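Chains as they are written, first to last, in the working numbering: chain S, -15 to 477; chain G, -15 to 477.
See the structure below:
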């Protein structure tokens, strides 16, 4: 184990392999026996739980209520909204039978051929169809609106090429599904939620995301408009981290969901949906970590501070424990999660490497001599810098240090990103530059054909039309046709 | 809607129908378009969330860590543990294909026959098999033990007869799966968790449960021993509310999970698993509610206090709002959830009936005259008693009242249960008495044959051998063979 710890591939050598190894070695997740599905291990799940709890509180402050809808969706529901079924991947898990039986010719079990379902059921790839089928019974009058519902759930899409957290056949997510009386209100909620996601990404994940609108090609199947937050990874590739869709009246029409408006006239309901998933874990890992392992922003770290005692005998340990116990209590009272690792079966050096690998933001090391001097050794994970702190006033110093680390991780990511955002006006230059990664601000003629050509020739896609972009007269770098603003083009996960 | 509210079937008329109607009318859940699967509506889900959060905190205080394992289980995994596959219902959702395609002969989609899975996958009915398949890689030495893992998840069992919350094809639950180095440690955890469930049921659900051991026939498939908590519903039937299973080394042997013990010898790992589900919602509803609707124990009520202003005009409402706002803030500061319902589209009488139906523990009504008198009308949901309280000191009075209500609901349930627990020594008497419901303490000869006979003749089952039961020489009421202690027999949900 101690030796394994040392063998993390360097980012420069192979970024992709570095990521795959890190996920496993930092004890976040592992491949399961089921193709494309992962096991989220306790340490990884603790990070996801922190994300969940934070987001859930942010949602509820805006009036969101949680609910739960069925896992399985009748096949016919998927076909109701034409664009949805057309655009949505048809790779999904299909339930066709409801019983096993003992194998008459062997020892195992077989699927009972007599227990075939009349209509096949699909493991939800997303829940618009089943939810709008349900909302039909909830909505009669404008008084029943708005419905601001969210569910935390597992979903499945039968992905061919999977990578842990980034793209797995089963993943965990939240999906919000709102019903409104007016188009304006629905659009406002759609924008509110993408802004909420951006705030969460920036404040908690230390991720400087760009907010933008997807092109028609990249938008959610069945949506009028898709908003996205796009983050840049250390290899310059984009990672779509959250989306919010204005669905117009498409699903209401498909499922015949009308309401009597204030003027006493029937009208189709206005819809939006929005979601983030365990993919955020991938973004978090890829954006900040280094060749020594995970780097976790303190706001999402399950263990924010680890204290490693350096001792030769039980007496020394007792003295250290006595000194450190009131400090741990003070830190806990401040809501800081601390682990005091006095396990005597592992050497301090092993522990140091392990907590570095696991991205614990602050590591304290304390021995007998430190107590005499009234100091303690502090290592911050983001910069790997060591320093001495006074034991007196330690809880306050640590609290301030955690905030400093949080800010520093964000600043570093922002600096990295800004250094790799570039305006490019020549397609030839673009084709050269894209090989090095980065976000490219380019003029585009607005046609799916040009978009498709860029993708086919460079593997890069239009990530979004950034919301804070300025209007600017220009010409498409590919066709020379007029363009009013720049879009962000990048290769993406 | 106002009229519908009045039409809740009375418990005396038809207890079963009363329950079904209540679940829907109190806005807790409804049937979905998918057979046997329910939609948990926001109000119902808010209660489940409170249960989840409370249990999760209780778990974590005992060292439990959460994780997540795949939804789909390879068919072959289910067959590994012989008793498990034999005893476990084979009614389950089977995934056989991974793709749909456009119907060449129509407009919809069909299952792509070419996308047939080599090995079918089962939507988890419980996760012992996939988890023990995973633990094999986590466990090498005694240093890797114990593993105290839990997951919050959805599971599916293809039930033929379903009832919302009590028995649904898909349900939400938590399942804990522990791995230990010794049989003693595993047994201790098994018992610890059933005690934790009992504490939760008593303190939060106000449910006086009996802790006991299941008979061999009723035990979990693959377990050495199953502990249970059994609650009594108002019709005298039992509802199994939580179970904890000592799995011995059965799953470790089936999945070949060994560890090197302190003596440096390989040994199979010791296992237990334990779970509660959305079935607890059914227990909560059935145990306490009355002919006016839901009765919620304050500790689990999403809205603990509702304040209904009685006003004729905006001026009066403004005055009430001014008086009540600081009180709401004080209640909130005490962690009490308050709703101030100033919706002027609904009459107070409608609101009263609606909050009664929804089981809000405390209702306050306040009008202009009350403000002058410095008093407020209080209605407590458990007894439906009205009284006047002084506005001065209201937050403290309400806080005390909520605790009083919590205790009263428990006391009432305990009294009801105790009045219907009866020692019976004659099988004839038992056959007569069982028709009226209740828990019967009877001597049983310990054989599956007698157990089966009782079940066949009376539809009653041995719920458990109560842990706090005394040793007592006796003879089986059916066969006259010797018995050392009484068991609890009842009809059950």
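Positions of the beta carbon are idealized from the N, C-alpha and C atoms, including for glycine. On a predicted model such as this, the values are computed, not experimentally measured, just so you know.
is_contact[residue i, chain S] using C-beta, thresh 7 Å
| i | result |
| --- | --- |
| residue 344 of chain G | no |
| residue 24 of chain G | yes |
| residue 80 of chain G | yes |
| residue 74 of chain G | yes |
| residue -1 of chain G | no |
| residue 485 of chain G | Outside the shown range of chain G (-15 to 477) lies residue 485 of chain G, about which nothing can therefore be said. |
| residue 95 of chain G | yes |
Sequence-distant residues of its chain with Cβ nearer than 8 Å to residue i (five each side left out)
| i | result |
| --- | --- |
| residue 4 of chain S | 147 and 148 |
| residue 394 of chain G | 186, 190, 191, 192 and 281 |
| residue 62 of chain G | 68, 69, 72, 106 and 113 |
| residue 176 of chain S | 46 |
Residue i classed as buried or exposed, judged by whether at least 16 other C-beta atoms fall within 10 angstroms
| i | result |
| --- | --- |
| residue 159 of chain S | buried |
| residue 50 of chain G | buried |
| residue -9 of chain G | exposed |
| residue 144 of chain S | exposed |
| residue 317 of chain S | exposed |
| residue 432 of chain G | exposed |
| residue 465 of chain G | exposed |
| residue 112 of chain G | buried |
| residue 248 of chain G | exposed |
| residue 353 of chain S | exposed |
Cutoff 7 Å; reference residue i; Cβ partners in own chain excluding five residues on either side
| i | result |
| --- | --- |
| residue 122 of chain G | 128 and 131 |
| residue 374 of chain S | 358 and 359 |
| residue 251 of chain S | 242, 243 and 245 |
| residue 25 of chain S | 11, 12, 13 and 14 |
| residue 83 of chain S | 96 and 99 |
| residue 378 of chain S | 311 and 360 |
| residue 397 of chain S | 190, 191, 192, 271 and 272 |
Minimum Cβ-Cβ distance from residue i to chain G less than 7 Å
| i | result |
| --- | --- |
| residue 83 of chain S | yes |
| residue 154 of chain S | yes |
| residue 104 of chain S | yes |
| residue 118 of chain S | yes |
| residue 478 of chain S | Past the edges of chain S, shown from -15 to 477, lies residue 478 of chain S, and the structure says nothing about it. |
| residue 162 of chain S | no |
| residue 63 of chain S | yes |
6 Å CB neighbourhood of residue i in its chain, flanking five on each side removed
| i | result |
| --- | --- |
| residue 473 of chain G | 424, 426, 444 and 446 |
| residue 188 of chain S | 38, 283 and 284 |
| residue 94 of chain G | 87 |
| residue 151 of chain G | 143 |
| residue 34 of chain G | 284 |
Beta-carbon neighbours of residue i, restricted to chain G and to distances below 8 Å
| i | result |
| --- | --- |
| residue 33 of chain S | 50 |
| residue 266 of chain S | In chain order: nothing, as chain G lies at least about 15 Å away. |
| residue 29 of chain S | 49, 50, 51 and 52 |
| residue 133 of chain S | 26 |
| residue 69 of chain S | 93 |
Beta-carbon spacing of residue i, residue j below 7 Å
| i | j | result |
| --- | --- | --- |
| residue 193 of chain G | residue 222 of chain G | no |
| residue 339 of chain G | residue 290 of chain G | yes |
| residue 461 of chain G | residue 411 of chain G | yes |
| residue 349 of chain G | residue 294 of chain G | yes |
| residue 453 of chain S | residue 220 of chain S | no |
| residue 212 of chain S | residue 203 of chain S | no |
| residue 7 of chain G | residue 16 of chain G | no |
| residue 65 of chain G | residue 235 of chain G | yes |
| residue 231 of chain G | residue 207 of chain G | yes |
| residue 163 of chain G | residue 255 of chain G | yes |
beta-carbon residue i near the ligand NAP non-hydrogen atom, thresh 6 Å
| i | result |
| --- | --- |
| residue 141 of chain S | Judged by which ligands are present, the structure shown has none, so any question about the ligand NAP falls away. |
Under 9 Å from the C-beta of residue i: neighbouring residues of chain S
| i | result |
| --- | --- |
| residue 55 of chain G | 18, 21, 55, 77, 107, 138, 140 and 154 |
| residue 114 of chain G | 16, 17, 18 and 23 |
CB contact below 7 Å: residue i versus chain C
| i | result |
| --- | --- |
| residue 126 of chain G | Among the protein chains of the structure shown, namely S and G, there is no chain C. |
9 Å Cβ cut-off: residues of chain G touching residue i
| i | result |
| --- | --- |
| residue 58 of chain S | 17 and 18 |
Where residue i meets chain S, residues with beta-carbon distance less than 8 Å
| i | result |
| --- | --- |
| residue 329 of chain G | 127 |
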